[in-house]
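Some notes on the structure that comes next.
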Amino acid sequence: TRKIIVLKSVKARMLPDSIGYIRITDFSKIMTSFDAEVKKLVDEGAKGLVLDLRFNPGGLLDECVELADRFLDEGVIVSTKGRTEDDRRDITAKKDDTLKPALPLVVLVNGASASASEIFAGAMKDHHRAAIVGERTFGKGSVQTPYPLPDGSHLKITTARYYTPSGVSVHREEGTKEYGIAPDFTVEMSQEEYGKLMKKWNDERVVKGEKPADPDGFKDFQLEAGLEVLRAKIENRPPKVEARVLTKPAKVQED
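For the sequence shown, the working numbering assigns the number 451 to the initial residue and increments by one for each residue that follows.
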């Protein structure tokens, strides 16, 4: 018989200096796991959180909004604007769902962080709730409405765009250099470095109960920068992070 393996969308551990690390692989029914992992980290004495959304393609908008709600007690999380009034709405934070205590937060993103990941990162950035570290995100911010066809299939038509609280469109328009969410701290990584990062993540999934060794010569520059930003927040000092810009940063293809 074949065994069905269910992959966890939320993975967490405590890092040195009492910094909690949570990686969310997609926005698919994550909140029960997220709340449990955060509680565990807080109970263990976490002083800050790193939320890793690299290579997160998005998922359910409701899950993204609920996650943002954990870190914001008021204000707009995301807006949609379209051709008609029905396509326009503001989604706002609710005070009751905010995490206590409000730990310092860093969000890691890259060129494969898309859709719901960008909406979350944009809300955190615009409300100055978190520092965004990594690379400019993918730029997928369209609202698509499915319309049924006579043959039983559906045609998806873009009816609106997602906007951050400051009114910036997430979507990447043809010919523009401004799209997605730009990081507060730019730290680019190469295709080879991302390959080693993916290998490390895969090894962590296979090897249980112990931390696998890092691939030879691998350094996660984005995580290291995020940790420095977070330590600086905790210690109330300026972060010592140098921008890392490659001549040929990794190209991340859309599925």
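We put the beta carbon where it would ideally sit given N, CA and C, even for glycine.
Compute the beta-carbon to beta-carbon distance between residue i and residue j, rounded to the nearest angstrom, for a pair I have assumed lies under 8 angstroms.
| i | j | result |
| --- | --- | --- |
| Ser567 | Thr587 | 7 angstroms |
| Ile469 | Val492 | That pair is no contact at about 12 angstroms. |
| Val593 | Ala610 | 4 angstroms |
| Phe521 | Leu549 | 7 angstroms |
| Lys544 | Asp519 | 6 angstroms |
| Arg622 | Tyr629 | 4 angstroms |
| Asp502 | Leu558 | 5 angstroms |
| Gly498 | Lys650 | That pair is no contact at about 22 angstroms. |
| Phe635 | Val695 | Wrong, their Cβ atoms sit about 11 angstroms apart, outside the cutoff. |
| Ser619 | Gly645 | Not a contact, Cβ separation roughly 32 angstroms. |
| Ala571 | Ile631 | 5 angstroms |
| Ile472 | Ala462 | 5 angstroms |
| Phe484 | Val460 | 5 angstroms |
| Gly509 | Asp547 | Contact flag wrong, Cβ pair sits at about 19 angstroms. |
According to the neighbour-count rule (16 or more other Cβ atoms, all chains shown, within 10 Å of its Cβ), is residue i buried or exposed?
| i | result |
| --- | --- |
| Pro554 | buried |
| Lys575 | buried |
| Pro551 | exposed |
| Ile455 | Caution applies to Ile455, whose pLDDT of 49 falls short of 50 and renders its modelled position unreliable; the value that the coordinates give is listed next. Burial call: exposed. |
| Ser603 | exposed |
| Lys627 | exposed |
| Met648 | exposed |
| His578 | exposed |
| Ile527 | buried |
| Leu673 | buried |
| Ile541 | buried |
| Asp705 | For Asp705, the predicted structure reports a pLDDT of 43, less than 50, and the residue's modelled location is therefore unreliable. The matter cannot be settled from this model. |
| Ala573 | buried |
| Thr697 | exposed |
| Arg681 | buried |
| Asn686 | exposed |
| Leu677 | buried |
| Gly667 | exposed |
| Leu605 | exposed |
| Ile607 | exposed |
Need the endpoints of the alpha helix (DSSP H) that residue i sits in, please.
| i | result |
| --- | --- |
| Val620 | Here Val620 belongs to no alpha helix (DSSP H), and DSSP marks it neither H nor E. |
| Ala682 | Phe671 to Glu685 |
| Gly572 | Ala566 to Asp576 |
Report yes or no: is there a C-beta of chain C within less than 9 angstroms of the C-beta of residue i?
| i | result |
| --- | --- |
| Gly625 | Protein chains in the displayed structure number just one, and chain C is not present. |
Could you spell out the range, first to last residue, of the beta strand (DSSP E) harbouring residue i?
| i | result |
| --- | --- |
| Leu605 | His604 to Tyr613 |
| Ala581 | Ala581 to Gly584 |
| Met481 | Here Met481 belongs to no beta strand (DSSP E); instead the alpha helix (DSSP H) covers Met481 to Asp493. |
| Ala462 | Val460 to Leu465 |
| Tyr629 | Run containing Tyr629: none; DSSP gives neither H nor E here. |
| Val593 | Ser592 to Pro598 |
| Gly470 | Ile469 to Ile474 |
Considering only residues of the segment 497-555, which uninterrupted beta strand (DSSP E) runs meet the minimum length of 3 residues and lie entirely inside it, listed in chain order?
-> List check, beta strand (DSSP E) in window: 498-502, 526-532 and 539-542.
Cβ contact check for the segment 559-571 and the segment 478-485: 3 or more pairs under 8 angstroms | At 8 angstroms Cβ cutoff, the stretches do not touch.
Are the segment 595-603 and the segment 683-699 touching, with three or more C-beta to C-beta distances below 8 angstroms?
-> The segment 595-603 and the segment 683-699 do not touch, with fewer than 3 CB-CB distances between them shorter than 8 angstroms.
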